[in-house]
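Residue numbers (full-length UniProt numbering): 1 to 375.
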């Protein structure tokens, strides 16, 4: 545990919860925050609650700005990553002389699907870095980022392996070669320190449902100051206008900041809920959370056959563990009260700030009998 943030700070299911890469546990304070910030204004004010609700949206982007070392006006709330990516791609000028879009076979499938749809629509060439290439090696990216590439999608932490990529180095390659960079931080936000001012990417997409413990529906996109004015989103609405209350059918003008990606009336509850958890994580300190996670994973590293990098600087917050019979291992752990899941590479185990050394020791005791059956 992290001092000042006991397990009781969250609603944690019985057993050993290691699914934070999927859904983070609900902070106890969130229920009251949602009641005070959303339901009470509605009950007391009816339609006048919109003043409070819009303040909640602004609080969400301000919380993201504090967490990621940026400015609130560079963030726009989104429903999910796929929607955010779609909005970004179709807001960009149509590539003319550069007809390739680069991404990885290890990206989250939904992301790859969006990219390939974009390429098909604009008759561009999707270029997928194969699974056998080391994504953490900048040379891999250098090999694929040639003069015909217009856009590169880079995943900070790979979902199925836990591998962490050197984003700053890869983004610099993109900048040097005039390639638009889009970074996916879904599996790093809340567990790995992210400094957007240091990265200097063109776009970033993320969500709050995983390590940020903010629940589903609170996604976001970030756009750099250098890119915002060239973006003309297709999916617009009155909240994309520079002054929503003065919009008519004949006077649309994009908002001067990331709000142009908003579209129509925003869903307030997911962002109100997530703001409380973002503030909680920021208060605990992502550096402290990351350090705690590394210490817990290090207790396992020497004992397990993992498909995740063993060096702490090469991995995110998840170990992916492989056994000769992964399904049986999952059943054994689940029966013992361990909350984890199985993907193609193996079992995913993700300790967070509500996990303890005792959790890891118990986990090791459960896994040790299975070690003789590993690959």
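All C-beta atoms in this analysis are idealised placements derived from N, C-alpha and C, irrespective of residue type, glycine included.
In this text, all values refer to a predicted model and were calculated from it rather than measured experimentally.
- Nearest in C-alpha terms to residue 62, of all of 143, 222, 26, is 222.
- Between residue 224 and residue 201 a beta carbon distance of about 7 Å is seen, short of the 8 Å cut, so the two are scored as contacting.
- Under DSSP, residue 206 forms a beta bridge with 220.
- Per the Cβ contact rule, the segment 236-245 is not in contact with the segment 93-104 (fewer than 3 Cβ pairs under 8 Å).
- Residue range 149-155 is occupied by the beta strand (DSSP E) that includes residue 150.
- Leaving aside the five residues that flank residue 208 on each side, the residues in its chain whose CB is nearer than 6 Å to its CB run, in chain order, 214, 218, 274.
- A distance below 8 Å separates the beta carbons of residue 211 and residue 352.
- For residue 76, the beta-bridge partners assigned by DSSP are 221.
- The beta carbon of residue 317 sits closer than 6 Å to the beta carbons of 191, 293, 350 from its chain, once the five residues preceding and following it are set aside; these are given in chain order.
- Residue 64 sits close to residue 278, with the two beta carbons spaced by under 8 Å.
- Secondary-structure assignment with DSSP links residue 11 through a beta bridge to 26.
- In terms of CA proximity to residue 29, 276 leads the group 342, 276, 361.
- Contact check for residue 194 against residue 181 fails: the beta carbons are separated by 8 Å or more.
- Taking all protein chains shown into account, residue 74 has 16 or more neighbouring C-beta atoms within 10 Å of its C-beta and is therefore buried.
- For residue 138, there is no enclosing beta strand (DSSP E); the residue is found in the alpha helix (DSSP H) stretching over 138-144.
- When secondary structure is reduced to three states using DSSP, residue 20 falls in the coil class, being assigned neither helix nor strand.
- In the DSSP assignment, residue 109 falls outside any beta strand (DSSP E) and lies within the alpha helix (DSSP H) extending over 109-122.
- In this structure, 197 is the residue among 197, 267, 79, 365 with its C-alpha nearest to the C-alpha of residue 68.
- Taken through DSSP and simplified to helix, strand or coil, residue 324 comes out as coil.
- Residue 179 sits in coil when the DSSP states are folded into three classes, being neither helix nor strand.
- Taking the Cα positions, residue 164 is about 22 Å away from residue 84.
- A straight line joining the alpha-carbon of residue 258 with that of residue 232 spans about 11 Å.
- No Cβ-Cβ contact shorter than 8 Å links residue 262 with residue 37.
- According to DSSP, residue pairing for residue 185 in a beta bridge does not occur.
- Residue 314 and residue 135 have their C-alpha atoms spaced approximately 11 Å apart.
- The three-state secondary structure of residue 249, taken from DSSP, is coil.
- Where residue 82 is concerned, the enclosing alpha helix (DSSP H) starts and stops at 81-89.
- Residue 178 and residue 150 have their C-alpha atoms spaced approximately 8 Å apart.
- Residue 100 is not a Cβ neighbour of residue 31, given a cutoff of 8 Å.
- Around the Cβ of residue 344, a 10 Å sphere holds fewer than 16 other Cβ atoms; the residue is exposed.
- By the Cβ-count criterion, residue 39 is exposed, with fewer than 16 other Cβ atoms from all chains shown falling within 10 Å of its own Cβ.
- Listed in chain order, the non-local C-beta contacts of residue 341 below 6 Å within the same chain comprise 348, local neighbours out to five positions each way being set aside.
- For residue 359, the number of other beta carbons within 10 angstroms of its own is at least 16, and it is reported as buried.
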